[in-house]
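Peer 1: Numbering (the working numbering), first residue to last: 167 to 655.
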Ligand code: AHR
């Protein structure tokens with residue numbers, strides 16, 4: 167057992183945690199949309215207009231605030247007009263980004279918007295820049311949001327939707343430096359300005375335009391974009407960062423040893439430096455912080471489960487993924503002065519998924535449960551939180567503990583993870599700035615390889631936890647490999 171001191175000052179409010187920090191991503195990739203979220207109206211699986219009911223309920227439970235769609239790489243080959251109108255007449259498409267499978271386009275704009283309405287989350291549309299045109303994207307915006315008489319709202323009416331939808335988040339391209347067109351930042355910045363100019367605010371919608379930003383540590387991309395695009399044309403700049411220690415040897419989700427675990431956690435902790443350095447560049451051009459950093463793809467990426475389609479990126483999810491999520495979300499909370507949205511990749515059956523499905527069966531992964539433990543941070547104020555720590559692996563940056571704290575409506579929420587695989591952490595936490603009367607806590611803990619499968623879907627799940635509160639001292643005994651949420655009122 168190791169002992170640590172901690173200090174939380176509930177009065178020292180540092181930044182607002184936008185609820186969108188707890189956002190998600192759904193791409194036409196493998197079984198994320200088809201046979202994941204969407205099973206079609208004829209399915210025996212309980213559904214609302216083809217959208218799985220159990221998936222909607224699970225998304226609602228974690229208060230999913232925003233969902234990005236339709237990609238990813240897929241977005242830059244997606245032509246939205248093929249996905250609207252009478253389903254039997256929709257053009258088929260070949261998903262060239264992900265395994266060249268044929269899709270029938272039965273999940274398109276109307277279905278995605280209905281999904282968001284059912285979940286109660288904001289839609290985040292990723293537009294096609296790579297193989298599309300300015301006109302195509304401007305018309306998509308018009309189709310979704312125009313409330314006057316115009317060709318695209320006429321088409322929407324013909325397709326059965328009178329009222330325009332409200333759209334806030336619009337991504338202009340995806341990974342323009344790679345699958346989105348292999349562009350230089352200078353070229354993309356010029357393209358971006360054209361698209362951003364002609365995608366207008368219509369109806370009651372006020373667009374929040376997000377430009378394609380850097381991959382990981384490509385600081386030059388951030389520099390060129392910030393230099394070239396004025397803040398009035400760009401609300402956000404995206405960052406993609408996957409926790410992959412070695413792209414040529416990703417390893418498996420279920421089989422790994424201690425050294426692979428530390429390698430991975432070292433990369434996850436590197437997120438902090440990435441955010442600091444990109445923020446530093448943005449501060450130089452935008453000292454008022456008008457342009458947000460949007461981490462719209464993050465998470466683990468392992469080799470696919472043996473026997474599954476390599477293009478479908480289906481991986482299991484263990485307590486290791488839960489710790490990755492817990493540490494990442496604590497880091498995001500601490501960077502919310504500049505980071506205003508983050509989207510885990512991806513929501514269902516792909517990469518670090520929240521949910522896995524098999525036929526009618528569905529399970530919530532350990533990662534899902536971390537989002538459940540952290541949901542009270544949404545739209546709260548990030549407050550001062552200091553923690554004594556210890557490094558777990560020589561030559562790497564793997565702190566044993568990770569924590570963040572926030573206040574909302576007079577309630578203090580602390581989330582913490584113990585990343586040690588062997589040692590309990592006894593934390594003595596001084597609480598300032600709150601009249602602490604009551605404490606309650608929940609925990610997710612198990613052996614590092616533990617996971618849920620379709621025979622034991624609730625093997626790893628959230629349980630009640632005991633925390634001691636005396637005067638203004640909080641006592642926590644975190645078992646190895648655990649994530650906790652503590653609520654103080
Ligand atoms: O999430 C999988 C892929 O990773 C996305 O399509 C792409 O944007 C990124 O490279």
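In this text, a Cβ means the ideal position worked out from N, Cα and C, and glycines have one as well.
Predicted model only: the values in this text are computed from it and were never measured.
Buried or exposed, going by whether 16 or more other CB atoms sit within 10 Å of the CB of residue 238?
Peer 2: The residue in question, residue 238, is buried, as its Cβ has 16 or more Cβ neighbours within 10 Å.
Peer 1: Report whether the distance from the Cβ of residue 483 to the nearest heavy atom of the ligand AHR is below 8 Å.
Peer 2: No, the ligand AHR has no heavy atom inside 8 Å of this Cβ.
Peer 1: Residue range of the beta strand (DSSP E) that residue 580 falls in?
Peer 2: Element bounds for residue 580: 577-584.
Peer 1: So, at 6 Å on beta carbons, what are the nonlocal neighbours of residue 497 in its own chain, with the 5 sequence-adjacent residues on each side left out?
Peer 2: Once the five neighbours on either side are set aside, the close Cβ partners of residue 497 are 437 and 438.
Peer 1: In whole angstroms, what separates the C-alpha of residue 652 from that of residue 610?
Peer 2: Those two C-alpha atoms are separated by around 12 Å.
Peer 1: Given the structure, does residue 511 come close to the ligand AHR, in the sense that its CB is under 8 Å from one of the ligand's heavy atoms?
Peer 2: Yes, the Cβ of residue 511 comes within 8 Å of a heavy atom of the ligand AHR.
Peer 1: How do the stretch 504-511 and the stretch 592-606 stand: do at least 3 beta-carbon pairs fall below 8 Å, yes or no?
Peer 2: No: fewer than three Cβ pairs fall under 8 Å.
Peer 1: Need the endpoints of the beta strand (DSSP E) that residue 395 sits in, please.
Peer 2: That residue, residue 395, is in no beta strand (DSSP E); it is neither H nor E in DSSP.
Peer 1: When burial is assigned at 16 or more other CB atoms within 10 Å of the CB, is residue 188 buried or exposed?
Peer 2: Flag for residue 188 reads buried.
Peer 1: For residue 543 versus residue 570, is the C-beta spacing smaller than 9 Å?
Peer 2: Taking 9 Å as the Cβ cut-off, residue 543 and residue 570 qualify as a contacting pair.
Peer 1: Based on the DSSP output, what are the partners of residue 468 in its beta bridges?
Peer 2: Partner(s): none; residue 468 has no beta bridge.
Peer 1: Can you list, in chain order, the residues of its chain whose CB lies under 7 Å from that of residue 451, leaving out five sequence neighbours each side?
Peer 2: Once the five neighbours on either side are set aside, the close Cβ partners of residue 451 are 392 and 393.
Peer 1: Cβ-heavy atom distance between residue 238 and the ligand AHR below 8 Å?
Peer 2: Checking every heavy atom of the ligand AHR against the Cβ of residue 238, one is found closer than 8 Å.
Peer 1: Taking 7 Å as the limit between beta carbons, can you name the residues of its chain near residue 322, skipping five residues before and five after?
Peer 2: 309, listed in sequence order.
Peer 1: Give the range of the alpha helix (DSSP H) segment to which residue 488 is assigned.
Peer 2: Element bounds for residue 488: 485-500.
Peer 1: Using alpha carbons as the reference points, say which of 396, 426, 430 and 552 lies closest to residue 454.
Peer 2: The shortest C-alpha separation from residue 454 is found at 396.
Peer 1: What residue range is occupied by the uninterrupted alpha helix (DSSP H) comprising residue 221?
Peer 2: That run of the alpha helix (DSSP H) goes 219-227.
Peer 1: Could you tell me the distance, in whole angstroms, from the CA atom of residue 337 to the CA atom of residue 463?
Peer 2: Roughly 12 Å between the two C-alpha positions.
Peer 1: Could you tell me whether the stretch 328-342 touches the stretch 374-392, where touching means 3 or more Cβ pairs closer than 8 Å?
Peer 2: These segments touch.
Peer 1: Have a look at residue 383 and residue 499 and give me their C-alpha separation to the nearest angstrom.
Peer 2: Each residue's Cα considered, the two are about 20 Å apart.
Peer 1: Contact between the stretch 524-539 and the stretch 621-640 is defined here as three or more beta-carbon pairs at a separation below 8 Å; is this criterion met?
Peer 2: In short, these stretches touch, since the Cβ pair count reaches three.
Peer 1: Have a look at residue 641 and residue 539 and give me their C-alpha separation to the nearest angstrom.
Peer 2: Whole-angstrom Cα-Cα distance: 19 Å.
Peer 1: Within 8 Å: the Cβ of residue 243 and any heavy atom of the ligand AHR?
Peer 2: Every heavy atom of the ligand AHR is 8 Å or more from the Cβ of residue 243, so no.
Peer 1: Quick check on residue 304: does DSSP put it in helix, strand or coil?
Peer 2: Residue 304: helix per DSSP, three-state reduction.
Peer 1: With residue 250 and residue 275 assumed to form a contact (beta carbons below 8 Å), what rounded beta-carbon distance in angstroms separates them?
Peer 2: So it is a contact: roughly 6 Å between Cβ atoms.
Peer 1: Between which two residues does the alpha helix (DSSP H) harbouring residue 439 extend?
Peer 2: Residues 424-451.
Peer 1: Measuring CB atoms only, is the stretch 189-204 touching the stretch 224-240, in the sense that at least three cross pairs come out at less than 8 Å?
Peer 2: They touch, by the three-pair rule.
Peer 1: Could you tell me whether any non-hydrogen atom of the ligand AHR is closer than 8 Å to the CB of residue 408?
Peer 2: For the ligand AHR, at least one heavy atom lies less than 8 Å from the Cβ of residue 408.
Peer 1: Give a single yes or no on whether residue 475 has its beta carbon closer than 8 Å to a heavy atom of the ligand AHR.
Peer 2: Not under cutoff, so the answer is no.
Peer 1: Measuring CA to CA, which of 449, 271 and 389 is closest to residue 206?
Peer 2: Checked all of 449, 271 and 389; the closest Cα to residue 206 is 271.
Peer 1: Measure the beta-carbon distance from residue 612 to residue 431 and round it to whole angstroms, keeping in mind my assumption that it falls under 8 Å.
Peer 2: Contact doesn't hold; Cβ gap of about 17 Å is too wide.
Peer 1: Which residues does DSSP pair with residue 534 in a beta bridge?
Peer 2: Residue 534 pairs with nothing; no bridge assigned.
Peer 1: DSSP three-state call for residue 310: helix, strand or coil?
Peer 2: Residue 310 falls in the helix class under three-state DSSP.
Peer 1: Is residue 561 near the ligand AHR - that is, is its Cβ less than 8 Å away from at least one heavy atom of it?
Peer 2: Checking the Cβ of residue 561 against the ligand AHR gives no.
Peer 1: Would DSSP call residue 609 helix, strand or coil?
Peer 2: It is a strand residue.
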